[in-house]
Amino acid sequence: MTVTIYLPDSEPGPEIVHLAPSPPSLAGLRIAVLDNGKPNAALVMTRAAETLARQTGARVSLVTKKGPQGRSANAAIPCAPDIFERVLAQADVVITGSADCGSCTAYSVYDTIELEKAGRPCVVVTTTQFAPIASTMAANFGLPEARTLVLDHPIGGTARETLEGWADAASDRLVELFTAAP
Amino acid sequence: MTTYQPVTAELAADSPDALFDLFEARGLGDGLPMVPPTAERVEAMLTAASGDPDEVLTTLLPRAGIVTRRVVAINAVLAGCTPATFPVVLTAIRALAAPEMNLRGVNATTHLVAPLVLVHGEIARSAGFHAGVGAFGPGNRANATVGRAVRLVLLHVAGARPGSGDAATHGQPAKYTFCAAENLEASPWEGYAASRGVDAPSAVTVHCGEGPHNVHDMEKDGDPQLILDKIASAMTSLGMNNAPISQGEFFVILGPEHAYSLASGGFSRDDVSLYLYDRARMPAAVFRRHFEELAWTQWMKTAPDDHRLPMTGEPGNIRVLVAGGPGKHTLLVPSWGMTRSVTLPVAG
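Protein chains in written order, with our numbering: chain P, 150 to 331; chain Y, 32 to 379.
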């Protein structure tokens, strides 16, 4: 005989978030790199930003860690408010990460969504191994279509030359992520 | 008041097997048999709570799942809880929702962190929690099912599913259940909750950390320094998140015999914390060599390389209480790091 039971997974109640308007091109725009301090995150993201800038006529205006005054970074908490404000003041688009562990993925995705809400198109950099977590987090936080660049895994522990190759090869994808979204 | 009514489903039979079939198809459950949460069982659980069962109390991150008393009761039924223990489950969930817990990070991290639920005071006795021999092991329904109910809420409501909302590289057994009562009768000091400023007949502490590490000292004199030096030795590890994160706490759960030896030697609870803070140290240069990023308090960042720095930023981060039975053992529960323990009065 069938019985009626309650399901234990209550509905999620996230806010609905929309992407910031995408620019038609990156020419003349300012790119910020927001670094969560993960090993090689600054290296790979700064290289990607510099290559992107060269190819599109943008410029890299800010490279900063996400902790207070940009002096440190803790990947397991949100971007410090003073750095968030600095990014808004000094950049038109942002690259952030790296989302290549659990809590750092949760918070890099959180940061990217907060920046989109503030009107700054933002790409979060993750890896093949953590892309599923990044996707779940983006959906959890109300923006499943968050702009996500997936690199090979791992970023930490991979040689500089290899990372630079990944960064250079990501340019076309970055242009697409920044400009093609609604 | 915002309310929420959970969804129902038809189950082929009132049995764990039928529930397995339904839940596996939906990605629910912890892998162990569960009790089907029929309306009658959920209503019985809710008799131990006060307030509207459908009032939205909070949401749990990262999924932002809605928490009501009924939602928690459904999970408590699944876990096999008795209604008498239900206020402890509700209080633990409230503690997990506190901002300083950083549940978004706790659930998502690759670290093996699990919430340790400690039960203090009257409800520990009245609801049948166990504080004595083997308190963290099997054999007691209240301890086993309350810890499990908390995990089921994290799985189902907070979205901490391995591989999607929980990236823990290995996970650990304490992610199934991790709950025990403070052994106040065997403690030489005031109750832990009172020491944290929570003046209530019953209270719950939640600490998000590793599984317990054992510290064994059975030397004949019960010399406090030998006991504490061994605990300090267990605390001094570069592999713990406490090493690069100075706000991280340590829970030191003394066996009653160790606690008696320390108190007989004149140590107060604060003395124990201060001694361990003083002894669990490494040269600043060693920390700096191992960690590119150190989430340290400012004075530690400015210390010279040869200065011996503590494993946590202040003595108060070393939390001391008594649990367990006879024997010369103590448990150490290091922290995930970017989280703070929360102690709350029990509220239904």
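Idealized CB from N, CA, C, for every residue including glycine.
Beta carbon proximity, Y/M76 to chain P, threshold 7 angstroms: If you number the second sequence from 1, residue 76 of chain Y lands on position 45. By this cut-off, Y/M76 is not an interface position.
Local Cβ density within 10 Å of Y/M64, reported as buried at 16 or more and exposed below that: For this step, residue 64 of chain Y is matched to residue 33 along the second sequence. A small fix is needed here, since residue 64 of chain Y is Pro in this sequence, not Met. It is exposed - the Cβ of Y/P64 has fewer than 16 other Cβ atoms within 10 Å.
Residues that P/C228 contacts on chain C, provided the C-beta gap is smaller than 7 angstroms: Of the chains in the structure shown, none is chain C; the protein chains are P and Y.
Within 8 angstroms of chain Y by C-beta, residues of the region 265 to 289 of chain P in sequence order: F279, P281, I282, T285, M286 and N289
Spatially closest choice to Y/R172 from Y/F117, Y/G196 and Y/A145, by CA coordinates: Start at 1 with the first residue of the second sequence, and residue 172 of chain Y comes out as number 141. Of Y/F117, Y/G196 and Y/A145, the residue nearest in Cα terms is Y/F117.
Minimum C-alpha distance to Y/T208 - residue among Y/G190, Y/G159, Y/G368 and Y/G178: Numbered from its first residue, the second sequence carries residue 208 of chain Y at position 177. The option with the nearest alpha carbon to Y/T208 is Y/G178.
Cβ pair Y/N138, Y/G228 closer than 7 angstroms: Here residue 138 of chain Y refers to the residue found at position 107 when the second sequence is read from its first residue. Here residue 228 of chain Y refers to the residue found at position 197 when the second sequence is read from its first residue. Against a cut-off of 7 angstroms, the Cβ pair of Y/G228 and Y/N138 comes out as no contact.
Within chain P, the residues that Y/S372 reaches when beta carbons sit closer than 7 angstroms: The count along the second sequence starts at 1 and reaches residue 372 of chain Y at position 341. Going along chain P, no residue has its Cβ under 7 angstroms from Y/S372, so there is no contact; the nearest lies around 16 angstroms.
Completely contained alpha helix (DSSP H) runs for the region 241 to 303 of chain Y, where each covers 4 or more residues: 255 to 266 and 287 to 295
Whole-number beta carbon distance between Y/L285 and Y/V235, since they are thought to touch under 8 angstroms: The residue given as residue 235 of chain Y occupies position 204 in the second sequence. The residue given as residue 285 of chain Y occupies position 254 in the second sequence. Contact flag wrong, Cβ pair sits at about 20 angstroms.
Beta-carbon proximity check, Y/H360 vs Y/N214, cutoff 7 angstroms: As a position in the second sequence, residue 360 of chain Y is number 329, starting the count at 1. As a position in the second sequence, residue 214 of chain Y is number 183, starting the count at 1. Not a contact, by the Cβ cut-off of 7 angstroms.
Sufficient close CB pairs (3 or more, under 8 angstroms) joining the region 233 to 248 of chain P to the region 191 to 199 of chain P: yes
Cβ contact check for the region 187 to 206 of chain Y and the region 250 to 268 of chain Y: 3 or more pairs under 8 angstroms: Remark: fewer than three beta-carbon pairs, one from each stretch, lie closer than 8 angstroms, so the region 187 to 206 of chain Y and the region 250 to 268 of chain Y are not flagged as touching.
Same chain, Cβ closer than 8 angstroms to P/V166, neighbours up to 5 away in sequence not counted: Taking the first sequence and counting its residues from 1, one reaches residue 166 of chain P at position 17. Within the same chain, P/V166 has close Cβ partners I262, E265, K266, F290, G291 and L292.
Validate contact between the region 49 to 66 of chain Y and the region 232 to 242 of chain P using beta carbons, cut 8 angstroms, 3 pairs: no
Contiguous beta strand (DSSP E) assignments of at least 3 residues, all confined to the region 166 to 201 of chain P: 179 to 184
Residue interval of the alpha helix (DSSP H) (run including Y/A128): Numbered from its first residue, the second sequence carries residue 128 of chain Y at position 97. Y/A128 -> alpha helix (DSSP H) spans F117 to A128.
Per DSSP, the bridge partner or partners of Y/M313: Taking the second sequence and counting its residues from 1, the one referred to as residue 313 of chain Y is at position 282. Y/L340.
Cβ pair Y/A205, Y/A110 closer than 7 angstroms: Sequence index remark: in the second sequence, residue 205 of chain Y carries index 174 (1-based). Sequence index remark: in the second sequence, residue 110 of chain Y carries index 79 (1-based). Not a contact, by the Cβ cut-off of 7 angstroms.
Neighbour list for Y/H360 in chain P, Cβ cutoff strictly below 7 angstroms: Residue numbering aside, residue 360 of chain Y sits at position 329 when the second sequence is read from its first letter. Here the premise fails: no neighbours, minimum Cβ distance about 32 angstroms.
CB-CB length for P/A207 against P/L175, believed under 8 angstroms: One-based indexing of the first sequence puts residue 207 of chain P at position 58. One-based indexing of the first sequence puts residue 175 of chain P at position 26. About 4 angstroms separates the two Cβ atoms, so the contact holds.
7 angstroms Cβ cutoff, Y/E41 in contact with chain P: Residue mapping note: residue 41 of chain Y aligns to position 10 of the second sequence, counting from 1. So, interface residue.
Beta strand (DSSP E) runs wholly inside the region 162 to 231 of chain Y, at least 3 long, in chain order: 210 to 212
C-beta neighbour in chain P for Y/G201, strict 7 angstroms: Reading the second sequence from its first residue, position 170 is the one you call residue 201 of chain Y. In the sequence under discussion, the amino acid at residue 201 of chain Y is His, which differs from the Gly named in the question. False, the Cβ-Cβ gap to chain P never drops below 7 angstroms.
Other residues of its chain near P/W315: CB distance less than 7 angstroms, five sequence neighbours each side excluded: Here residue 315 of chain P is taken as the residue at index 166 of the first sequence, counted from 1. Result list for P/W315: V193, L300 and D301, in chain order.
Endpoints, the beta strand (DSSP E) within which Y/G96 is located: Indexing the second sequence from 1 puts residue 96 of chain Y at position 65. Start and end: G96 to V98.
Y/V303 versus Y/A126: straight-line alpha-carbon distance, rounded: On the second sequence, residue 303 of chain Y is found 272 positions in, with the first residue counted as 1. On the second sequence, residue 126 of chain Y is found 95 positions in, with the first residue counted as 1. So the two alpha carbons sit approximately 26 angstroms from each other.
C-beta atoms of Y/W220 and Y/R350 nearer than 7 angstroms: For the purposes of this step, residue 220 of chain Y is identified with residue 189 of the second sequence, where counting begins at 1. For the purposes of this step, residue 350 of chain Y is identified with residue 319 of the second sequence, where counting begins at 1. No. Outside cutoff.
Proximity below 7 angstroms, CB of P/T297 to CB of P/A318: What you label residue 297 of chain P is simply residue 148 of the first sequence in a count that begins at 1. What you label residue 318 of chain P is simply residue 169 of the first sequence in a count that begins at 1. No.
Residue-chain proximity (Y/V120, chain P), Cβ-Cβ < 7 angstroms: Taking the second sequence and counting its residues from 1, one reaches residue 120 of chain Y at position 89. Closer than 7 angstroms: no.
CB contact check: Y/N106 to chain P, cutoff 7 angstroms: Here residue 106 of chain Y is taken as the residue at index 75 of the second sequence, counted from 1. Y/N106 counts as touching chain P.
Among Y/V181, Y/M369 and Y/L259, nearest to Y/M271 - alpha-carbon criterion: Mapped onto the second sequence, residue 271 of chain Y falls at position 240. Ranking Y/V181, Y/M369 and Y/L259 by Cα distance to Y/M271 puts Y/M369 first.
Positions along the region 314 to 340 of chain Y whose CB lies within less than 7 angstroms of some CB in chain P: Residues are counted here when their Cβ sits less than 7 angstroms from a Cβ of chain P; for the region 314 to 340 of chain Y these are E323, E324 and A326, given in chain order.
Exposure of Y/G347, with buried meaning 16 or more beta-carbon neighbours within 10 Å: Taking the second sequence and counting its residues from 1, the one referred to as residue 347 of chain Y is at position 316. Exposed, by the Cβ-count rule.
Any alpha helix (DSSP H) of 4 or more consecutive residues that is wholly inside the region 194 to 262 of chain P: 230 to 239
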